[in-house]
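Number of protein chains: 2
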Amino acid sequence: MPFDHIPPLLRTSSSKIVLLVLDGLGGLPIETGGPTELEAAKTPIMDRLASEGALGQATPIRPGITPGSGPAHLALFGYDPLEYEIGRGVLESVGVGLHVGSGDVAARGNFCTLDGAGNISDRRAGRIPTEEAIPVVEQLKSISLPGVSTEVRHVKEYRFAVVMRGENLNPDIDDTDPQRTGVPPLPATPRSPSAEYTADLFNQWIAKARQKLVDNQNANGMTLRGFATDPNLPTFQDSYGLNAAAISVYPMYKGVASLVGMQVIDFAGEAPEDEFAALAGAWQEHDFFFIHIKKTDSKGEDGDFEGKAHIIEGVDQALPNLLDLNPDVLIITGDHSTPASMRTHSWHPVPFLLWAPGSVRPDNQSSFGERSCARGGLGNISSLDTLPLALAHAGRLEKFGA
Amino acid sequence: MPFDHIPPLLRTSSSKIVLLVLDGLGGLPIETGGPTELEAAKTPIMDRLASEGALGQATPIRPGITPGSGPAHLALFGYDPLEYEIGRGVLESVGVGLHVGSGDVAARGNFCTLDGAGNISDRRAGRIPTEEAIPVVEQLKSISLPGVSTEVRHVKEYRFAVVMRGENLNPDIDDTDPQRTGVPPLPATPRSPSAEYTADLFNQWIAKARQKLVDNQNANGMTLRGFATDPNLPTFQDSYGLNAAAISVYPMYKGVASLVGMQVIDFAGEAPEDEFAALAGAWQEHDFFFIHIKKTDSKGEDGDFEGKAHIIEGVDQALPNLLDLNPDVLIITGDHSTPASMRTHSWHPVPFLLWAPGSVRPDNQSSFGERSCARGGLGNISSLDTLPLALAHAGRLEKFGA
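Chains as they are written, first to last, in our numbering: chain X, 1 to 402; chain A, 1001 to 1402.
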């Protein structure tokens, strides 16, 4: 359980909580003394919410630690990533929409190039582009093995994910990547006797894959890494008493949400308006809503300061659609910072806006930005505090002790 | 390891980190509404660094806890003093430059006065002054015992430290100080059978010492406390991938730095300019530099508000020598507060300045002082966050998770 002290305090409520995550929201100025992306963006709605609500800055994992997307979202959901480690194979798989159920074994795959002697000559198959890799993944989909099923999906460039499903599977298997060239891929080697059966199946699968790939110029081999199974995370229902829904365009975030038991909402379109329309459609069925906006992060990674600010402005313009639903608690934050100036995720704390009519202590801030959040009434918080604060402001927690 | 999650994230870098510690930096006003020592000091360089960097206030151990020098520095170095307990005998010994290696046993000693019956009449030997105690310590240096060597060094007034070196030593021994007068000192008593041999050696050493001291008027006896051995702290190299150097005038701080594997730099002089010259001399050989300024604390303990401000001004004037080296990260802070108004260490958080070109989020503060730090963008942090933040800003940490 993320917070052992919370389930005994839960009480029934019809209140609705919205957690709006702008991926990579936190930023930096591109010129000395200048604004950050969020500060530069014209956000009249968020600024009004900031003046009515309270601000703070949230540290996703620990000070100085730059989070990947999976751990950053787990932290927002209250699951300390240093405590809940999720195998890389599972994250990669759920990231592309592959279901990893209890007892399934997932792995990350890299295509590689093998020379005539079977030794690896390029560990990333010449970094083949996505369009070249997709048909290679298709070649693998027809592989069948006795007693189990396998599902393969392309991830990006030379990377793919594979999930094996069946009885008595065990992920306790070493990577097959020897981490260098001039040697053949390693066999899938069990780290314990109970994983021998599974390792043998993966070796059969690899052998059949080799046969199918043999005529490819670049991607004629593969390595598998990060064997892992469903982490069996406590659900949102058990942890927080919340019937949660997830609204996201990208599979990765749907995947992480599904790992904590959120129902993933299907919808058409990719714009904030489309996501808020999906929210409206699911409003009656759920009491917690995770909405994920991806492009703030993408623009940050592109180094596109103006583009990131523009995405934030687009979310702001669509916000009235969300506010029309009258949520009891609205939190607007990011999973981590992605300053355009750095073109990558960073360790900086994330702007955090908590809005809840009637129960938020005002802090005299009137705009949503890094500087105002640093002076906000919530102060320095951990992303792990998000759900407990949301539950409290939603009237969903009883008093602790007499 | 101070942070188990950090070593797997370390990456190679040529960046340089400087941690400049002004001992007891934090202060208080001496008149209502007036400035603190740091605020009263004219510090144009630190003020510029504050405007370019980010400020915060760091709690050394826990809120309300006034740290001693040893724990305060351990906290700055990332080693939680509540987790890493270092025996007082070791701290006292390394504090006066005595090496405590693996398997050595160190103890703190107090000279005391014994009456004709051998009972303690004064537990601190009349608080004999240093000049009187030094020759007494000299008397102890000639004591020899079979199979081990001992090293004794004077600390201050009636206090000294002793280190025993040899095979099969064990520090699991009770203090010999009965904590009251009218009774004889206790024998060194082992708390476990494996410490019997060591306790016996210390009792032999005490007996020989008694013979040598018998004619002294005040210091004719002694008690030993805090038996302890090398804590085997994880090194800076293992914990942070840093080849660290320590620059300090005072042995205590060299000692604590050496416990975490820093190389102590020898140099001549005592002024900040001398310490920064030593820094320049060691610049190529190391990538992390701990520089310790003692006199801010000394002036605070003297109750000398103006004197403490003057020391801070002297450091500020010398800072260009440090900045000329172009560090990638510079942190200026204290190990704890020593308000001149209190004439002692205090529990107040410590001003914290983080400067790192290009990666610091600005916070609209333009001077280095307690009030500006309380409003700074870093917010309330723990001294334990110092190294993780330094590593992040120095580009020395990979992303956590995918």
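Glycine residues also receive a C-beta, built at the ideal position from the N, C-alpha and C atoms.
Contact holds between the region 1039-1054 of chain A and the region 1364-1377 of chain A, because three or more Cβ pairs, one in each stretch, are under 8 angstroms apart. Taking 8 angstroms as the CB threshold, Pro1362 of chain A lines the interface with chain X. Segment contact: the region 1040-1057 of chain A against the region 1344-1357 of chain A, three or more CB-CB distances shorter than 8 angstroms; contact assigned.
One alpha carbon belongs to Ala1106 of chain A, the other to Leu1201 of chain A, and they sit about 13 angstroms apart. In this structure, DSSP gives Ala390 of chain X a helical state, which the three-state scheme calls helix.
Every unbroken stretch of the beta strand (DSSP E) spanning 3 or more residues and falling wholly within the region 270-304 of chain X is given here in chain order: 288-293. Taking 8 angstroms as the threshold, the shortest C-beta distance from Ala1392 of chain A to chain X falls below it.
Using a C-beta cut-off of 8 angstroms, the region 308-322 of chain X makes no contact with the region 1337-1344 of chain A, since fewer than three inter-stretch Cβ pairs fall below that distance. Contact of Lys1399 of chain A with chain X is assigned, a C-beta pair being separated by under 8 angstroms. With respect to Asp1122 of chain A, Leu1384 of chain A sits apart: the two C-beta atoms are not nearer than 8 angstroms. The alpha-carbon separation between Ser1239 of chain A and Phe1077 of chain A amounts to approximately 10 angstroms. For Phe236 of chain X, the enclosing alpha helix (DSSP H) begins and ends at 236-240.
Contact between Thr1296 of chain A and Leu1009 of chain A fails: their C-beta atoms lie close to 34 angstroms from each other, not under 8 angstroms. A contact is defined here as three or more CB-CB pairs under 8 angstroms, and the region 1226-1239 of chain A fails this definition with respect to the region 1127-1139 of chain A. Per DSSP, Ile1247 of chain A is one residue of the beta strand (DSSP E) stretching across 1244-1248.
Membership of Met252 of chain X in the alpha helix (DSSP H) is indicated by the continuous run 251-259. Per DSSP, Met46 of chain X lies in no beta strand (DSSP E) segment; the continuous alpha helix (DSSP H) that holds it begins and ends at 44-52. Every unbroken stretch of the beta strand (DSSP E) spanning 3 or more residues and falling wholly within the region 146-183 of chain X is given here in chain order: 148-156, 159-166. At a cut-off of 8 angstroms between beta-carbon atoms, Gln365 of chain X makes no contact with chain A.
At least one C-beta of chain A is nearer than 8 angstroms to the C-beta of His345 of chain X.
Not one beta carbon of chain A lies nearer than 8 angstroms to the beta carbon of Leu201 of chain X.
Annotation for Asp1363 of chain A: Ala1054, Leu1055, Gly1376, Gly1377 place their beta carbon closer than 7 angstroms to its own, counting only its chain and skipping 5 residues before and after. Contacts with chain A at 8 angstroms (Cβ-Cβ) do not include Glu39 of chain X. The DSSP-derived three-state label of Asn1203 of chain A is helix.
One alpha carbon belongs to Asp175 of chain X, the other to Gly109 of chain X, and they sit about 10 angstroms apart. Inter-residue distance for Ile30 of chain X and Ala1050 of chain A is about 18 angstroms (C-alpha atoms, whole angstroms). Rounded to the nearest angstrom, the Cβ distance from Gly1300 of chain A to Asn1218 of chain A is 31 angstroms, too far for a contact under 8 angstroms. Counting the other Cβ atoms within 10 Å of the Cβ of Ser1093 of chain A gives 16 or more, which makes it buried.
The C-beta distance from Gly261 of chain X to Ala244 of chain X rounds to 7 angstroms, short enough to fall under 8 angstroms. Among the residues of the region 65-85 of chain X, those with a Cβ less than 9 angstroms away from any Cβ of chain A are Ile65, Thr66, Pro67, Gly68, Ser69, Gly70, Pro71, Ala72, Leu74, Pro81, Leu82, Glu85, in the order of the chain.
According to the DSSP assignment, Val18 of chain X belongs to the beta strand (DSSP E) that extends over 17-22.
Shown here for Gly1395 of chain A: same chain residues with a beta carbon closer than 7 angstroms to its own, the five before and five after excluded, namely Ser1013, Ser1015 in chain order. Sequence-distant partners of Tyr1197 of chain A (beyond 5 residues in either direction) whose C-beta falls short of 8 angstroms from its own C-beta, in its chain, are Asn1168, Leu1169, Asn1170.
Contact annotation: in the region 11-33 of chain X, residues whose CB is within less than 7 angstroms of a CB in chain A are Leu28, Pro29, Gly33. Under the criterion of beta carbons closer than 8 angstroms, Leu1389 of chain A and Pro63 of chain X qualify as touching, at roughly 6 angstroms. Spatial neighbours of Pro1071 of chain A in its own chain (CB-CB distance under 7 angstroms, excluding positions within 5 residues in sequence) are listed in chain order as Ile1061, Pro1081.
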